[in-house]
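Participant: Everything in the sequence shown is counted per the working numbering, starting at 28 for the first residue and increasing by one.
Just so you know, even glycine gets a beta-carbon here, dropped at the ideal spot from N, CA and C.
Could you have a look at this structure, given as structure tokens, before my questions?
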Amino acid sequence: MTSRAADPDGIRLAVLKPKVGQLTVSLSNLFNAPLDTGRLPDDWLLATAVPIHKAEIGTRARITDQRA
């Protein structure tokens, strides 16, 4: 990706590059806060599990032929 190309959200790399230090600190604080407080945001507790078929063997119908 060139610095003039935009990502899918429309944010250009040239805009992010000068702010990488600030972004690193902010993202670090965001992800460390739950570890420091012992509480996770409710949205972080929701997930959708999607089984991935082991293409080289078995059938999609058997759960044992899915990756864990």
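Under the assumption that residue 43 contacts residue 50 (Cβ atoms under 8 Å), give the Cβ distance between them as a whole number of angstroms.
Facilitator: Indeed, because the Cβ distance is near 7 Å, the residues count as touching under 8 Å.
Participant: Going by DSSP, which residues form a beta bridge with residue 33?
Facilitator: Paired residue(s): 39.
Participant: Skipping 5 residues on each side, what residues in its chain have a beta carbon closer than 8 Å to that of residue 94?
Facilitator: The residues are 78, 79, 80, 81.
Participant: For residue 79, list the residues DSSP reports as bridge partners.
Facilitator: Residue 79 pairs with 94.
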